[in-house]
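Working notes, beginning with the structure itself.
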Amino acid sequence: MEEESSDQITAPLLPKPEENIEDYYSPESSASQIDQDNANSPIKQVALTVSTTDDPSLPVLTFRMWFLGTLSCVLLSFLNQFFWYRTEPLSITAISAQIAVVPLGQLMAAKITDRVFFRGTRWEFTLNPGPFNVKEHVLITIFANSGAGTVYAIHVVTAVKVFYNKHISFFVSLIVVITTQVLGFGWAGIYRRYLVEPAAMWWPANLVQVSLFRALHEKDKRPKGGVTRTQFFIIAFICSFAYYIFPGYLFQMLTSLSWICWIFPKSVLAQQLGSGLSGLGIGAIGFDWSTISSYLGSPLASPWFATANVAVGFFFVMYVVTPISYWFNIFQAKNFPIFSDDLFTSSGQIYNISSIIDSNFHLDIVAYEREGPLHLSTFFAMTYGVGFAALSATVMHVLLFHGREIWEQSKSSFNEKKMDIHTKLMSKYRQVPEWWFWCILAANIALTIFACEYYKEQLQLPWWGVILACVIAIFFTLPIGIITAITKQAPGLNIITEYIIGYIYPGYPVANMCFKVYGYISMSQAITFLQDFKLGHYMKIPPRTMFMAQVVGTLIAGFVYLGTAWWLMETIPGICDTSFDTVWTCPGDHVFYDASVIWGLIGPRKIFGDQGTYGAANWFFLGGAIAPLLVWLATKAFPSQEWIKLVNMPVLIAACSMMPPATAVNYTTWIIVGFLSGFVVYRYRPGLWQRYNYVLSGALDAGLAFMGVLLYMCLGLENISIDWWGNDLDGCPYASCPTAKGIVVEGCHVVS
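full-length UniProt numbering puts the first residue of the sequence shown at 1, with every later residue one more than the last.
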């Protein structure tokens, strides 16, 4: 029993003054072992950004950390899931909480009693150990990260319960949610020695948060004639909160002002071109922060280089590839809308998916042959092709532009004996034993296999599918982790997992969704955990404390996400039904459901294979592999042209990866705001940008979120709405009409 307890987290909320602080460190090392001479990180960006000092006396497991961390996790989980089902799903990032908790933490430090409870006992603690410190702040942000990341398994629950209208119990849903979220801990624990401790694995994405932590904990003096960051946050929050009543309730057309449709109210062509929600979005603009930040995140946090690549990719796919494909009638494109995530018959009607499902929730081959092959809109088909190209482009780009760097740094990380200053400072603290991760991994796999076998009617995935998904995840976690840790690029494996199980086990849609979640999302979660480990590494957070915050935050987020989703699915009539005017259209889940039909129910062979309509889309794999090669050759041929090196083909090709469910107005408005922030203000008013940019982003998120929930609680639950032309979301009723002769669709003109 004593050996077991020695591996538990035993530090109280506040170390007692008479205790030696080294009691909380690993006995194998001490501060005297740290030689700070020429021991800084070999990565220049890290050396310039991350502090090389540590104050181990700072209290970490404080009441403030627990209260604000739990509150941040619960609030972000609830708000992100609450808004996820809406037409413009707001995504509130951890940066919002990272900024918002600073004044709250400082207020608690100033007002809460500093009385010491149970003085003189081993349970001695205080609610207020002193000033709000950066280590507490980091752990609160780790909690917030758990709530900010989407719980992907909710898509499975929504698809089965709402779209397929089949039974899945809350208990089974909870098992899927928790196991997929926690499974990544296993992969992260196995590979942390290779992806966290070596200085070569520097995780560039973390440096933004490290910089923000340092900025928020420096003395913030009010500039003459200006305001402090906290004052600016409060002002911007109030403005955002008050303004959202217009796009959120009184004047919903602000979501997408498609003015071309107003000029040509009866023209199908004009509305296809001008609709921001159902067309190409030429001229469409949204005066709604949820429109701007829904799918691509805050444009204020995107550097102009990345925004420019997305802009070029978006304009090429949206305004070159899509119109050419549509008006040249490739894949019978004119039989369907130019932009839609629906599934169609050859005559342009919505495909009746329920008619091809038998009583065992399996594909009815006879019924499918009677209904005919499934068809996609032009843009939807192109996005799958672009997805194929983005996957091969990412692999080729990394090999060509970062291959030598990855090889050298990976080799040094595996063979590295010399520790940089950050690893030396962290070696003082007691590490998390690897067997903790192996136990989590074994328990999760066992629970997953049990759930899939015992509840096979609901989940459909056989036990060997779980093992195969885990093999894919563990195989790809290390190389994808290395790529992300060095280049900040994380290649997506969702298409590969769908393709594999779709060919091996066609006809079972839930099995396909579960396989994708266990194979792809557990690896994605592992990358997230490893990135958080590295953030704690840079900020000198005790590893066991960090581990505890991640586990607790992940569990809380899983419960809150599922509880919120279940509540909304049970209380909102017609949720996710796009046949009538509602803000609860579930665009992300609609696309996930479509993917389960394409890859799971019908199978890739009947869509993209030798039996399918879209087999030519497989050529995009080759095109994606060639594109980075052309850029690489251009850099060799014209080494003096620096701009060529800024062309990032994976980012450019994958620019439209969020479409659908994202629409044209989301991109056009995001690009405009990104240009104003990342280029204009950053270049011409850098001091203003540095001081207020991230603060403004967090305030806009927070104000919109609270007003959105308030509107739903006060008016949405009572079905109180205002019916007038300003609440017609897009005002382009003919944008979704086909243009082929003889195709008859309700509500559209017949082209003769």
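Even glycine gets a Cβ: it sits at the ideal position worked out from N, Cα and C.
- Within the segment 167 to 219, complete alpha helix (DSSP H) segments of at least 4 residues are found at 170 to 195 and 206 to 216, given in chain order.
- When only Cα atoms are considered, G742 and I357 end up about 29 Å apart.
- Distance check between I245 and each of Y520, I722 and F170 places I722 closest, using alpha-carbon atoms only.
- Contact check for F450 and G186: beta-carbon distance about 17 Å, past the 8 Å limit, so the pair fails to qualify.
- In the three-state scheme derived from DSSP, where H, G and I count as helix and E and B as strand, T126 is classed as strand.
- Under the DSSP assignment, W304 falls in the alpha helix (DSSP H) whose first and last residues are W304 to F316.
- For the pair of segments examined, the segment 417 to 431 was found to touch the segment 529 to 544: the number of CB pairs separated by less than 8 Å reaches three.
- Each residue's CA atom was taken as its position, placing I598 and Y508 some 11 Å apart.
- If you draw a straight line from the Cα of P42 to the Cα of W407, it is about 16 Å long.
- V745 sits in coil when the DSSP states are folded into three classes, being neither helix nor strand.
- Note: V116 is bridge-paired with T126 in the DSSP secondary-structure output.
- Nearest neighbour of P59 by Cα position, chosen from L107, A511 and V134, turns out to be V134.
- The continuous stretches of alpha helix (DSSP H) do not include K161, and DSSP gives it neither H nor E.
- N512 counts as buried, since no fewer than 16 other beta carbons sit within 10 angstroms of its beta carbon.
- In this structure I99 touches F233 by the C-beta definition: roughly 6 Å separates them, less than 8 Å.
- Look at the beta carbons and you see the segment 224 to 239 touching the segment 695 to 710: at least three pairs across the two are nearer than 8 Å.
- With contacts defined as CB atoms closer than 8 Å, V466 and I496 fail to qualify as a contacting pair.
- The beta carbons of L216 and V102 sit about 5 Å from each other, so the pair counts as a contact at 8 Å.
- From the listed residues W619, I292, D589 and L104, the smallest Cα separation to W84 is found for D589.
- The three-state secondary structure of H137, taken from DSSP, is helix.
- A distance below 7 Å between beta-carbons, with the five flanking residues on each side excluded, links W670 to the following residues of its chain, in chain order: I292, L296 and P299.
- For E369, the enclosing alpha helix (DSSP H) stretches over residues I365 to E371.
- Judged by their CB atoms, A655 and G313 are nearer to each other than the 8 Å cut-off.
- Judged by DSSP in its simplified three-state form, I496 adopts helix.
- When rounded, the separation of the alpha-carbon atoms in A526 and F533 is 10 Å.
- The three-state reading of DSSP puts I357 in strand, counting E and B together.
- Excluding residues up to 5 positions away in sequence, I95, Q98, I99 and Y694 lie with their Cβ nearer than 8 Å to the Cβ of L212 in the same chain.
- The continuous alpha helix (DSSP H) containing P103 extends over residues A94 to K111.
- Here DSSP, grouped into helix, strand and coil, assigns H422 to helix.
- Residues of the same chain with a CB within less than 6 Å of the CB of G603, apart from the 5 flanking positions on each side, are G502 and P506 in chain order.
- Here the segment 672 to 679 does not lie against the segment 61 to 71, with fewer than 3 beta-carbon pairs under 8 Å apart.
- By the C-beta criterion, the segment 723 to 740 is judged to be in contact with the segment 249 to 267, since at least 3 inter-stretch pairs fall below 8 Å.
- Nearest to F117 by alpha-carbon distance, out of A159, N128 and K111, is N128.
- Taken atom to atom, the span from the alpha-carbon of P89 to that of M419 is near 44 Å.
- The residues D341 and V591, in chain order, have a CB closer than 6 Å to that of P660 in the same chain once the five nearest residues on each side in sequence are set aside.
- W632 sits away from F305, with the two beta carbons spaced by 8 Å or more.
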